[in-house]
Every structure is written in C-alpha cells, then in structure tokens.
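*Asks:* In case it helps, the working numbering puts the sequence shown at residues 10 to 266. For each residue, glycine too, the CB sits at the ideal point set by N, CA and C.
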Amino acid sequence: MLEPPRLAAQRREPILNVPPVITVLAAVMLVIQLVRDWVDPDTGVEILALFAFIPARFDPSVLAEGVLPGGTAADIWTFVTYAFLHGGWSHVGLNLLWMLAFGTPVARRFGVLRFLAFFAATAAAGAGLHLLTHEGELVPMIGASAAVSGCMAAALRFMFAHEGYGVWRPDMAEQAAHFPAPPLFQVLRDRRVIGFVAVWFIINIAFGIGAPAGIVDGSVAWQAHIGGFVFGLLLFPLFDPVGRQPGDDPRLRRYGR
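1) Quick one: is E22 buried, meaning 16 or more other Cβ sit within 10 Å of its Cβ, or exposed?
2) Counting Cβ pairs, one atom from each stretch, are 3 or more of them under 8 Å apart for the stretch 41-61 and the stretch 86-100?
3) Using a Cβ-Cβ cut-off of 6 Å (strictly less than) and excluding sequence neighbours within five positions of N26, which residues of its own chain qualify?
4) Going by beta carbon distance, what residues of the same chain come within less than 8 Å of G137, once the five residues before and after it are set aside?
5) Which first and last residues belong to the alpha helix (DSSP H) in which I235 is found?
6) Tell me whether L247 sits in a helix, a strand or coil according to DSSP, three-state version.
7) Report the rounded CA-to-CA distance for D226 versus W98, giving the unit in angstroms.
8) Tell me the DSSP secondary structure of M168 in three-state form.
9) Check for me: the alpha helix (DSSP H) holding D51 runs from which residue to which?
10) CB P149 to CB F62, shorter than 9 Å?
11) Who are the Cβ neighbours of P28 in its own chain at under 7 Å, not counting the five residues just before and after it?
12) Please list the terminal residues of the continuous alpha helix (DSSP H) segment that includes G135.
13) Round the Cβ separation of P78 and L140 to the nearest angstrom and send it over; I've been treating them as touching at under 8 Å.
14) With 16 as the cutoff for other CB atoms within 10 Å, does F128 come out buried or exposed?
15) Assuming V37 is part of the alpha helix (DSSP H), what are its boundary residues?
16) Buried or exposed: which applies to R231, given that a residue is buried once 16 or more other Cβ atoms fall within 10 Å of its Cβ?
17) Can you name the residues that DSSP bridges to M270?
18) Look at the alpha carbon of F210 and the alpha carbon of A164, and state the distance between them as a whole number of angstroms.
19) At what residues does the alpha helix (DSSP H) containing H100 begin and finish?
20) What number of angstroms, rounded off, separates the C-alpha of F111 from the C-alpha of V48?
21) Thinking just about the alpha-carbon of each residue, which of T32, A132, V54, V30 is nearest to the one in L147?
Written out as structure tokens, the structure is:
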C-alpha cells in the first residue's frame, strides 16, 4: 500500500525541529560556560564583574564610580549579557531544556530578529525588576531564566489559540505557531492558562525561598523570572508578526484545507 505523501513527509520530520536561533543561543551559552570552567579564578571574577548584572553598579553609595570594569557601556550591556552566564552546568542545562521547550515555538513564530529582540528585552525586564528589589546588592545575578520565563509567557499567548491544537503536540507544533493570538483578556480566561500561571508563580516563589541543593549554585533570582514573565505576557503583541484578521487562519493557507 502506498503511503500518502503528506503522511510520509510528516514521518520524515526530525523529532527535534529546533530553529537555528535556539541552537546558536544554546551553543553560545555552552561555550561560555566551558570557557569559565577553563580560565583561572581571577579571570572568572573579571568576567563576572564585566558581564554579570550587579545592582551595586548603579548605586554610587555602595561602589565608587570606576570600581567595576566597563563603565557606562557595561551599565547598559549587563542588562542582557548576564543571561549568557550561568552558575554551573546544571544551571545552564536546566535553562537550555526550558528554552528548548518554550523558546522553540516562540522563535518559530517570531523569526530570528524578533526573537533575539524579545530575548534581550525580557532579559532586561528581569534585570530591571531585580534591580528594584535588590538595590545596592553586591551579589552578581546570572542566568537566562528571565528570558526563558518570557518565552513561557509568550507561548501562553498562542498555544491555546485554536481549540484542539497546542505547541506541545509534535505533529501540530509548527501549525500552532502560526495561529493568530487572541487578546490577553481572552487568554487569561482560559483555565489552562490560569492553572499554568498559578503553578509557575508557586514554583518560582518556592525556589526563591529555598532552591533544592544541587539544582543551582546560590540563591534563585525569582524576581527577575517574574519580570521576564510579565514582560513576555503583556508585551507579546509588540513582537508578534502574525495578524488577527477575522477568519485568517495561516495554517489553512499554508497546509491546505
């Protein structure tokens, strides 16, 4: 019996159809972690001082100007560069797993440039809320969790856009990424979304109070996670290229009725 071409094409698709931008970001984070493990401790501290997000950098009463390297430029770039540094292999591995799960559909929907802008913006939003809640703190913040949290929130905006489809079904992942996203007030009335958001906040606050030993090194900057998540949830439309015209179903245009 001959197999229908469409079914055969679906069976030939790879199990993990990851957008190149996700692969590149993951590779960069892994290489950076490898370099940090390889360099001597003093160089490691210099890397943190130059690229990690340190709230005390913005408080002259705690640190005199010029104590930390980078100057004004570092005051800007550390709002994003901290997301590429991690506290260990378990930390970077956990973030990459979540980025693979949630960043993949968002990157597929946004495209490369929009996704990179979204990644940077959510990282900066997380750093901003961390700064507000940790004013003058000397402890550096690192990790991509705020940006990953933003991807989680963005995925919620369209994962249930069409009843019966979702980004979690491998056979419908690409189609779901092209459905027009409903307005936020409609999304927040979905019990699945409410349940996800509630569990997400509970887990993050619980980890903030006391992270299980061996998962991450140091405390969890859960306020940064919330900053990235809220930004991704509220400002998703600024990055979303998919229209909302009534009856406009890109899945039907692309894959046929």
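*Replies:* Reading from the atomic positions:
1) Caution is warranted here: a pLDDT of 48 is assigned to E22, below 50, making its placement in the model unreliable, and no coordinate value can be reported.
2) yes
3) none
4) F88, G236
5) 231-243
6) helix
7) Below a pLDDT of 50, predicted positions are generally treated as unreliable, and D226, at 49, falls in that range; the measurement from the model is reported next regardless. When rounded, the distance between both Cα atoms is 10 Å.
8) coil
9) 50-60
10) yes
11) T113, A116, R117
12) 121-142
13) Going by Cβ atoms, the distance from P78 to L140 rounds to 19 Å, so no, they are not a contact pair.
14) buried
15) From DSSP, the alpha helix (DSSP H) with V37 extends over 29-47.
16) First, the residue type needs correcting, since residue 231 is Trp and not Arg in the sequence shown. Buried, because 16 or more other Cβ atoms sit within 10 Å of the Cβ of W231.
17) The chain is shown from 10 up to 266; residue 270 falls before or after that span and cannot be answered.
18) 16 Å
19) 98-107
20) Straight-line Cα distance between these residues: approximately 32 Å.
21) V54
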